[in-house]
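Contents: one structure, followed by commentary.
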Amino acid sequence: GAGVSQSPSNKVTEKGKDVELRCDPISGHTALYWYRQSLGQGLEFLIYFQGNSAPDKSGLPSDRFSAERTGGSVSTLTIQRTQQEDSAVYLCASSPRTSGGVHEQFFGPGTRLTVL
Amino acid sequence: GENVEQHPSTLSVQEGDSAVIKCTYSDSASNYFPWYKQELGKGPQLIIDIRSNVGEKKDQRIAVTLNKTAKHFSLHITETQPEDSAVYFCAASKDSSASKIIFGSGTRLSIRP
Chain U
1 GAGVSQSPSN KVTEKGKDVE LRCDPISGHT ALYWYRQSLG QGLEFLIYFQ
51 GNSAPDKSGL PSDRFSAERT GGSVSTLTIQ RTQQEDSAVY LCASSPRTSG
101 GVHEQFFGPG TRLTVL
Chain G
1001 GENVEQHPST LSVQEGDSAV IKCTYSDSAS NYFPWYKQEL GKGPQLIIDI
1051 RSNVGEKKDQ RIAVTLNKTA KHFSLHITET QPEDSAVYFC AASKDSSASK
1101 IIFGSGTRLS IRP
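This is the structure:
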């Protein structure tokens, strides 16, 4: 079946511009995560959505970053007034997480963002 | 907050030898510990996980051990093959719907032919 998809796969933008990154999770998955991975680095947690609960935004690095999840499915990560240090691969993952506990995260291929 | 440390950051082993990657975690309430493998240009993929009610779990050439007292867990890969070359991430989480998963910094494993 279809996995997690992300678009665009690559995005090049100029410093100061806004960008929107999209994530389509696996159908039926209630949990959705965004991570940032800088070149050769680990996975930096950004934000987590679980069902209808308030999202955990504790990983967002600044108020230039925001995310939404509409209808419990598609999510959009928005970065306003991009800076060169925002250049990274942005990974989305979904999980069939329930009140019963943690489950495997299924990752998308990522969006490579380059800010010139 | 929760912190997960992972060592080594890079590891090179001869094909056929074993590889061991170690992680420690800070939150004693953590009870779910997955390991992910990331190949070049792809998202990470779960390869094995362990929950705190067991001390060891094995799946073919891959095994994970957990020491809750010391708050560390390890990934063991035996009889390494070229396709094992990748970046491996450990992670820790509390087994509840309100907890996020914290990842280690990753280990780049290279298998020498």
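Quick mapping for you: the protein sequence lines, in order, are chains U and G.
In terms of the working numbering, the first sequence opens at residue 1 and continues consecutively.
In terms of the working numbering, the second sequence opens at residue 1001 and continues consecutively.
Positions of the beta carbon are idealized from the N, C-alpha and C atoms, including for glycine.
Treat the numbers as computed from the prediction; the structure is a model and nothing was measured.
Expressed to the nearest angstrom, what Euclidean distance is found between the alpha-carbon atoms of residue i and residue j?
| i | j | result |
| --- | --- | --- |
| K1037 of chain G | S1052 of chain G | 21 Å |
| C92 of chain U | W34 of chain U | 5 Å |
| K11 of chain U | F65 of chain U | 16 Å |
| K1071 of chain G | Q1006 of chain G | 12 Å |
| Y48 of chain U | A54 of chain U | 9 Å |
| T76 of chain U | G1016 of chain G | 44 Å |
| A67 of chain U | K15 of chain U | 20 Å |
| E1079 of chain G | T70 of chain U | 46 Å |
| S1018 of chain G | G72 of chain U | 43 Å |
| S62 of chain U | D24 of chain U | 24 Å |
| A1092 of chain G | K1100 of chain G | 9 Å |
| N1067 of chain G | T1107 of chain G | 20 Å |
| F1073 of chain G | E1002 of chain G | 15 Å |
| E104 of chain U | L1109 of chain G | 22 Å |
| S1085 of chain G | E1039 of chain G | 8 Å |
What does the Cβ neighbour count give for residue i, buried or exposed, with the cut at 16 atoms within 10 Å?
| i | result |
| --- | --- |
| R1112 of chain G | exposed |
| V4 of chain U | buried |
| Q122 of chain U | Shown here, chain U extends from 1 to 116; a query on residue 122 of chain U therefore has no answer. |
| K57 of chain U | exposed |
| D18 of chain U | exposed |
| Q50 of chain U | buried |
| S95 of chain U | buried |
| N1031 of chain G | buried |
| G1055 of chain G | exposed |
| S1029 of chain G | According to the sequence as given, residue 1029 of chain G is Ala; it is not Ser. Looking at its Cβ environment, which holds fewer than 16 other Cβ atoms inside 10 Å, A1029 of chain G is exposed. |
| L1075 of chain G | buried |
| K1094 of chain G | buried |
| A2 of chain U | exposed |
| D1059 of chain G | exposed |
| G1104 of chain G | buried |
Taking 9 Å as the CB-CB limit, is residue i close to chain U?
| i | result |
| --- | --- |
| S1028 of chain G | no |
| F1103 of chain G | yes |
| P1008 of chain G | no |
| Y1025 of chain G | no |
| Q1060 of chain G | no |
| D1017 of chain G | no |
| K1042 of chain G | yes |
| Q1155 of chain G | This structure does not reach residue 1155 of chain G, given that chain G is present from 1001 up to 1113, and the question cannot be answered. |
| D1084 of chain G | no |
| Q1045 of chain G | yes |
| P1113 of chain G | no |
I want to verify the contact list: residues of chain G whose CB lies under 7 Å from the CB of residue i, in sequence order.
| i | result |
| --- | --- |
| D56 of chain U | K1100 |
| Y90 of chain U | Under the 7 Å cutoff, chain G gives no residues; its nearest Cβ is about 11 Å from Y90 of chain U. |
| G42 of chain U | F1089, F1103, G1104, S1105, G1106 |
So, does the CB of residue i fall closer than 9 Å to a CB anywhere in chain G?
| i | result |
| --- | --- |
| P109 of chain U | yes |
| E104 of chain U | yes |
| G71 of chain U | no |
| V4 of chain U | yes |
| A93 of chain U | yes |
| G59 of chain U | yes |
Using a Cβ cut-off of 9 Å, pull out every chain G residue sitting near residue i, in sequence order please.
| i | result |
| --- | --- |
| F45 of chain U | K1100, I1101, I1102, F1103 |
Check the Cβ of residue i against every Cβ in chain U and list those closer than 9 Å, keeping chain order.
| i | result |
| --- | --- |
| L1109 of chain G | Per Cβ cutoff of 9 Å: no residues; L1109 of chain G is ~14 Å from chain U at best. |
| L1075 of chain G | What L1075 of chain G touches in chain U: nothing, since even the nearest Cβ is about 15 Å away. |
| L1011 of chain G | Within 9 Å Cβ-Cβ: nothing; L1011 of chain G doesn't reach chain U, min ~15 Å. |
So with CB distances below 7 Å, who are the chain U contacts of residue i?
| i | result |
| --- | --- |
| L1066 of chain G | Going along chain U, no residue has its Cβ under 7 Å from L1066 of chain G, so there is no contact; the nearest lies around 15 Å. |
Between residue i and chain A, is the shortest Cβ-Cβ distance under 9 Å, so that the two count as touching?
| i | result |
| --- | --- |
| A54 of chain U | Among the protein chains of the structure shown, namely U and G, there is no chain A. |
Along the chain, which unbroken stretches of the beta strand (DSSP E) at least 3 residues long are found entirely within the segment 1039-1105 of chain G?
1045-1051, 1056-1059, 1062-1067, 1072-1077, 1086-1092
Restricting to runs no shorter than 3 residues, where is the beta strand (DSSP E) found entirely within the segment 58-101 of chain U? 65-69, 75-79, 88-95
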